[in-house]
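Keeping their order, the protein sequence lines are chains P and Y. According to the numbering used here, the first sequence is numbered sequentially starting from 51. According to the numbering used here, the second sequence is numbered sequentially starting from -6. C-beta atoms are modelled at their ideal positions from N, C-alpha and C, and glycine is treated no differently. Only a predicted model underlies this, so the values are computations on that prediction, with no experimental measurement involved. To start, the structure itself, in structure tokens.
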Amino acid sequence: MYQKTLIFLFFISISTLAFSEQRYTLRGSVRDASSGEYLTGVNIFIPEIDGGTVTDIDGKYSIRLIEGEYTLIFSFIGYQRFERKIVMDTDKTLDVFLQNGGLRLSEVVISAERTGRNVERAEMSTVNLDIESIRNLPAFLGEVDVLRAIQLLPGVQSAGDGNTGFFVRGGNADQNLVLLDDAVVFNASHLFNFFSVFNPDAVKDIQLFKGGIMPEYGGRLSSVLDVRMKDGDKNLFKMNGGLGLISSRLTVEGPIQRGRSAFLFSGRRTYADLFLKLSSDEAQRESQLFFYDFNGKMNYVLNDQNRLFFTGYYGKDVTVFSEFFSFDWGNATSSMRWNRIYNDRMFSDFSILYSNYQFNIAGEVGPASFNWQSFLNNVNLKADFNYIFNENNRFTFGLQSIYHNLDPGTIVARIEGAAGAEFDLSATNALEHGIYFNNEQSLFNDRLLLVYGLRNSVFQLIGPGNQYVFDRSDPLQWEITDTLQLERGTFYDEFINWEPRLSFRFKINEKSSVKASYNRMVQYIQQAQSAQSVAPYDVWYSASNNIPPQVADQVALGYFRNFLEDRIETSVEVYYKDLQNVSDIVDNGDILGNEFLEGQLRIGRGWAYGAEFLVQKQYGRLNGFMGYTWAVAKRQIDDINNGNAYFAPNDRRHDLGLSGSYDISKAWNVGMSFVYATGTAITLPVGKMFYQGAFAPIYSDRNSGRLPDYHRLDLSVTFTPNLRDRDSRRFESSWNFSIFNVYGRVNPISVSFAENSDRPGVPNSSFFYIPGPIPAVTWNFNF
Amino acid sequence: MKLLERKYNLIVVVLALFAGITACEKDVILDLASIEGKYVIVEGNLIDDGSRQWIRLTRSSSYYDVTTGEAVQNASVTVQGNNQSWVFQELIPDSLPGYYFNSLISTALIETTYELNIETTNNQTFFAQSQMRPLPELDSVTVKLNPFSEFDFFDTTVYDVIAHFADLPGEGDHYLFNLYINNKLKTPRPSDKAPVSDENLDPYTSFAVLSVNENDISPGDTLTLEMRSISKEKFDFYNIFFNQTDLSGNPFAGAPPANIPTNLSEDGRGFFQVSSVNRKSIIFQPPQ
């Protein structure tokens, strides 16, 4: 502790070094000239100081400069470069509007960093995705999907076909904090994980933090996926949409009060189930399988100091099997943010956020019925402050409180004349608090950039709730011995953790830098994971007297190098992650609707390490990227696999993602993506036993086998017949043709070991998989 | 077709249907490691109905082997309990290889703990314990139309077989139901049988434990319902057997692969269970 204090004091003393020269603050905002939308991540380069800054998520920037004359160069992908001379002899404000069309959007593929920024900025293990560039990637069934795009990047592994879940650096899918305008999205998938909940027409910007995570984020171990919705056009009404084989979407946006406030509404619905109506089978005709979602956003500029943002999302999946059975689930999120600027050095954001996930399984046939409803609710109050000490020190601090309500629900099953069953799974209520600070400090003429911060998190369980006591004498089968019922308002379990976050960037020269980071993350709620299940009956549980909070310590080191005037960016990162209190399900554990779920979990440790390589070309008619990851992810839990270490289900030794786009002409663009990954670690049979006329597999050690390697090639062609001039307002449309899994590779979702259905008694193994190739066509329009 | 005796069985089965809607299935042969012969599989289910009892010993085989596994012959098989000991022997060598019989034990079984000891010719030894649990009287058996059949959910008519009995006082009792038609066992395999826990049973229960398809029974046939007392471990064994075979790999409802638990000592698999048994028979007439 003494050493930590010394280090802290050292940083504080550096940050408060006095500056003798006269300095002034330049601040302002950068917006899209046509829509008025604030632009995040615009690069502002000042040759005289050989440095600069970037705009924040609200399109704001601020920099302290010594008295003198400077050249400001504003650049942003997809926009014309803007240059302006300015004399700094007093504090000044400069608001800039960038003209769209500096580069054709189709020339941009995934930009892991904005041009040059991958070398410049301190953050490592961070990926920015441009939504327009994602549109150029081949899309599954024509549905552009941000989560599928993310899975192509190094360090991010796909959970498999038909699954938008993703694993980051050996972490589980529930260890990713997925945010939509700051509100948590618990289940980011539609239609049994085939599509994500993010409507591409409503999304502005996506950032994924795999490491070096800033202390403003907490509550998940592996990553933060920060999705920002478009603000809406403050000047013009616009409409865009698309008609696809399985879905259609429509987005409208425009000013509420021209120049000051705007709205955006976006919706989509799948209609593949309409084809079921053509079926000759009555049960199929009466079945449904679809989803819909709506996004809405409004923003108001009250005055120069105050802005308000309202965001809402509602999505639902509906599955009806014949008249007997229905299964629906969905997310709802809403957020309200008040952005306030106090002066040229300080601004704040106050947010109220709400998230909900629920599913409902119901069936009824005459006197037989069952019903299972489950809810997750989350209310989050948050305040974040930014204070600019000087051009070398940006200080952020804030606090948040989250109320969690995890209600696995009640399961009621009845058949007249038979025994019924009712399982009331007790809900958990908890408060999670976080307080943090962070300082970004530039040293030695920006050659060295230090970012250091600390987060303190507190998790408190509050009654009403149950505390379970187990007899653990049989390590494989804990028996419940007591259930303590806690009254409303009783605080009964509390956890406090300190989470230090450090990173630095050392610029070797203009073209290369070295970065390193360390962060500790703590996670208090997690999802019960079934290795194979892709069904959306998410059961979340919290830290408790039986389940300590999970803790991850990650160190990462990276080398970043740009070539050909930043047109080619490369990076190499290595990381090591130590995980404490990792949980896994005991053999034959029952997680589906089990009130005593905690008794099915065992706690141990995990570790993951790997190396990630990325090469990308951002400009020109041909552009794209190649990412490769070599990684290991293991766990060791005393009561699982005889206490021997085993591979995590998300262990992938090799993972290659290749993506490219080529402009044949102004009207024609072709895109491709190719992925290769070592097969998923699974438990395979090493023999079988016969008992009472049936056989059953005898399995190997946990996850000691592998599914076959995964690989897939997707292609797309985009034709834009009536490409409009930049400033014209006429109708524009494009056709997108895509083929998913071009050569029809069988990539198994899961593998079954059971007897052959046609030949009883004969052992069989089979893959469940998504058949390919899958062609799709989508017509997109905007005006 | 059993409906509620397994928790959420119906939910799981219907979810499993979605695998068929959204994904394809393809048979494959995988390159699997093999521990052929490593484990001895013990199938020992002793009951107190006075009949000749048997215990079957086989060896584990490689997964794709289509045989039932090599029989373990010439082993020493004994059961001890209540200060007595019974030797199980192969009666006619090679006619039923791997089966060991005893004609006396059934009438001597009482509610106590029994030990099984096996020693093979290559000096492998196996041990298991089983407590014979009490069993309530099976008062009567009736048949009624399955509620789903009333709505033509199935292609054929299905009848539910209802067991009427008073559960033993307190919780923690487990039962296993089998169905015979004209004295032929219709539920031979683990997934056919109905394991029941009294956790959610009323003190007096009329419970649809098993079902029978109209194609498998005719008016005038003798329908016999058999009820056995089993341990919680055997109850779990049957449920897990179902999850690990019938639902294996189902992407919507499948359980993570894991070995089916056993009460045999190391390198033994299967289960040794001593049960009390009751049976009730009726002459089947289709319910109106």
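Asked                                                                                                                         : Found
Euclidean distance between Cα positions of ARG40(P) and SER384(P)                                                             : Because chain P here runs from 51 to 833, residue 40(P) falls outside it and cannot be looked at.
Cβ neighbours of PHE1(P) in the same chain (closer than 6 Å, five flanking residues each side left out)                       : Examination of residue 1(P) is not possible in this model, given that chain P is present from 51 through 833 alone.
Alpha helix (DSSP H) runs contained entirely in the segment 12 to 53 of chain Y, provided each spans 4 or more residues       : none
Reduced DSSP category for LYS0(Y) - H, G, I as helix; E, B as strand; rest coil                                               : Confidence in LYS0(Y) is poor, its pLDDT being 38 and thus under 50, which makes the residue's placement unreliable; the coordinate value appears in the next sentence. It is coil, neither helix nor strand.
ALA26(Y) at chain P interface by Cβ criterion, 9 Å                                                                            : yes
Nearest candidate by alpha-carbon position, reference GLN845(P), set ILE690(P), LEU672(P), GLY649(P), LEU456(P)               : Beyond the ends of chain P as shown, which are 51 and 833, falls residue 845(P); an answer cannot be given.
The segment 63 to 81 of chain Y touching the segment 107 to 117 of chain Y, judged by at least three CB pairs closer than 8 Å : yes
Under 8 Å by beta carbon: chain Y residues contacting VAL812(P)                                                               : VAL59
Contact list for VAL21(Y) against chain P, beta-carbon separation under 7 Å                                                   : SER815, SER816, PHE817
Contacts that PRO181(Y) makes with chain P (C-beta to C-beta distance below 9 Å)                                              : GLN742, GLY743, ALA744
Short CB-CB distance (under 9 Å) between PHE803(P) and chain Y                                                                : yes
Nearest residue (CA-CA) to GLU645(P), options ASN353(P), ASN393(P), TYR591(P)                                                 : TYR591(P)
One or two residues paired with TYR363(P) in a DSSP bridge                                                                    : ASN345(P), THR383(P)
Buried or exposed (CB count within 10 angstroms, at least 16 for buried), LEU97(Y)                                            : exposed
CB contact flag (THR446(P), GLU490(P), <9 Å)                                                                                  : yes
CB contact below 9 Å: LYS0(Y) versus chain P                                                                                  : Residue placement at LYS0(Y) is poorly supported in this model, since its pLDDT is 38, which falls under 50; the coordinates are not used for a value here.
Bridge-paired residues (DSSP) for ARG505(P)                                                                                   : TYR486(P), GLU549(P)
Neighbourhood of ARG308(P) by C-beta distance below 8 Å, restricted to the same chain and skipping five residues each side    : LYS284, ASN285
CB of SER298(P) within 9 Å of CB of ASN345(P), strictly                                                                       : no
Residues that DSSP places opposite ASN644(P) in a beta bridge                                                                 : Bridge partners of ASN644(P): none, in fact.
Range of the contiguous beta strand (DSSP E) that encloses VAL196(P)                                                          : Not the beta strand (DSSP E): VAL196(P) falls in the alpha helix (DSSP H), residues 196 to 200.
Beta carbon of PHE236(P) nearer than 9 Å to that of VAL228(P)                                                                 : yes
Residues within the segment 621 to 647 of chain P neighbouring chain Y, beta-carbon criterion of under 7 Å                    : ILE635, ASP637, ASN638, LEU642, GLY643
For MET220(Y): DSSP bridge partner residues                                                                                   : PHE170(Y), ASN271(Y)
Span of the alpha helix (DSSP H), counted from its first residue to its last, around SER99(Y)                                 : 98 to 101
Three-state secondary structure assigned by DSSP to GLU619(P)                                                                 : strand
Start-end ranges of the beta strand (DSSP E) lying completely within the segment 670 to 741 of chain P, minimum 3 residues    : 672 to 686, 704 to 713, 718 to 727, 735 to 741
Distance, PHE663(P) Cα to PHE831(P) Cα                                                                                        : 37 Å
Assigned secondary structure, PHE190(P) (DSSP; H/G/I helix, E/B strand, else coil)                                            : helix
Own chain residues within Cβ distance below 7 Å of TRP79(Y), not counting five before or after                                : THR71, VAL72, ASN95, LEU97, ILE98
Distance, GLY643(P) Cα to ALA433(P) Cα                                                                                        : 37 Å
Endpoints, alpha helix (DSSP H) assigned at THR238(Y)                                                                         : 225 to 238
Collapsed DSSP secondary structure at MET51(P) in the structure displayed                                                     : With a pLDDT of 38 at MET51(P), under the threshold of 50, the modelled position of that residue is not reliable, and the figure given next carries that caveat. Residue state, collapsed to three classes: coil.
Exposed unless 16 or more other CB atoms sit within 10 angstroms - verdict on GLU119(P)                                       : exposed
is_contact[ARG221(Y), chain P] using C-beta, thresh 9 Å                                                                       : no
Simplified DSSP assignment, three categories, for PRO254(Y)                                                                   : coil
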